[in-house]
Amino acid sequence: MSQLHFIVFANEKGGTGKSTTAVHTAIALAATGHRVGALDLDSRQRTMTRYLENRDATTRRLGKDLPRAAYEVLEEHSEDGLAGAIERLAKQADVIVVDTPGRDDAIARSAILRADTLVTPMNDSFVDLDLIGQVHPENYKITKPSFYAELIWNSRTARAKQTGKTVDWVVLRNRLQHIDSHNLRRVGAALDELARRVGFRVIPGLGERVIYRELFPKGLTLIDLPQLGEVGIAHVTARQELREMVAGLGIPEPGAIEPIAAAG
Ligand SMILES: Nc1ncnc2c1ncn2[C@@H]1O[C@H](COP(=O)(O)OP(=O)(O)OP(=O)(O)O)[C@@H](O)[C@H]1O
Ligand SMILES: [Mg+2]
11 MSQLHFIVFA NEKGGTGKST TAVHTAIALA ATGHRVGALD LDSRQRTMTR YLENRDATTR
71 RLGKDLPRAA YEVLEEHSED GLAGAIERLA KQADVIVVDT PGRDDAIARS AILRADTLVT
131 PMNDSFVDLD LIGQVHPENY KITKPSFYAE LIWNSRTARA KQTGKTVDWV VLRNRLQHID
191 SHNLRRVGAA LDELARRVGF RVIPGLGERV IYRELFPKGL TLIDLPQLGE VGIAHVTARQ
251 ELREMVAGLG IPEPGAIEPI AAAG
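Heads up: take any position in the sequence shown, counting from 1, add 10, and you land on our numbering.
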């Protein structure tokens, strides 16, 4: 039997695209044969839940069989609540995609501790980068890692001690602009340096596109557009970018047997 794979989208900074990338990842994985559970820890904004509710309504309206994820929002904000929600979703899923709020939150930290893949979407801006590392004002070299890098570092150490498992920390460069700029290159260089020091991978996320803002009311993703007969050239490029992002996350194939690191 394959093991449950946990993907947690987390960044204490708000508005970096956690919910948007989490929903797109969940549906893209479902489309390639994974059984997906989506757990929304942001019980205030409920973006992922609202997105998937809209998707259910569209599926019913169109009478189409679109890829789907089982989903749940964390109603009881406690460790027991988290464990219960995971247990329920695990019955229907081999991958669980967790969306977390854009603020420090004890339950989100617990979810991070369980992550096999931890995804931190960030925008190409030194403001966003500042949570992970600080840069020198003139040469933009990393002066020191920041609190969020420390938090993940500590979480990773604790997880290794408890379970013998490691976490694959992936920083997504999200909402990438399609124009080259000094800023883009400087942030990229600083991120690469930090990646080596702190131990994460950097992959391209989604581009900055209006379509990502428009799909929410229908609960659709770029994966669905061809099914609905809506394929413009921009959509094809965007869907390719989504597929590359999901491939970059390196989630085990459905049914793949993962090595068990710790015995007992
Ligand atoms: N690739 C993109 N292109 C254009 N707009 C985007 C993209 N990704 C996200 N957005 C928009 O940016 C805003 C924030 O995105 P989202 O809600 O996914 O971020 P978040 O990290 O979940 O926010 P929060 O921290 O508040 O939970 C939304 O209006 C969303 O539609
Ligand atoms: Mg969100």
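All C-beta atoms, glycine included, are put in the ideal place defined by N, C-alpha and C.
Computed from a prediction, not measured in an experiment: that's the story for all the values here.
query                                                                                                        : result
Other residues of its chain near V46: CB distance less than 6 Å, five sequence neighbours each side excluded : A36, L39, A40, A79, A103 and V105
K28 CB to nearest heavy atom of ligand 2 below 7 Å                                                           : yes
Same chain only: Cβ atoms within 8 Å of P227, ignoring 5 sequence neighbours per side                        : N64
Identified DSSP bridge partners for R183                                                                     : M132 and P214
A116: CB within 7 Å of a non-hydrogen atom of ligand 4                                                       : Questions concerning ligand 4 fall outside what the structure shown contains, since the ligands it does hold are ligand 1 and ligand 2.
Terminal residues of the beta strand (DSSP E) in which E203 lies                                             : It is not in any beta strand (DSSP E) - E203 instead sits in the alpha helix (DSSP H) that spans H192 to L204.
Simplified DSSP state of Q13, which is helix, strand or coil                                                 : coil
Separation of I122 from N193, as counted between CA atoms                                                    : 30 Å
Selection from W179, E148, H146 and N149 that minimises the alpha carbon distance to E160                    : W179
For L72 and I17, the rounded distance between their alpha carbons                                            : 30 Å
Host beta strand (DSSP E) of V177 (start-end)                                                                : No beta strand (DSSP E) contains V177, which DSSP labels as neither H nor E.
Contact belief for A95 with L49 at Cβ below 8 Å, rounded distance in angstroms                               : 6 Å
Any non-hydrogen atom of ligand 1 closer than 7 Å to Q55 Cβ                                                  : yes
Anticipated Cβ contact below 8 Å, Y222 with T30, distance rounded                                            : 6 Å
Residues near A244 by beta carbon distance below 8 Å, same chain, minus five either side                     : R219 and I221
Span of the beta strand (DSSP E) around K74                                                                  : That residue, K74, is in no beta strand (DSSP E); it is neither H nor E in DSSP.
Reference V208; option with closest CA among R56, G143, A116 and K171                                        : G143
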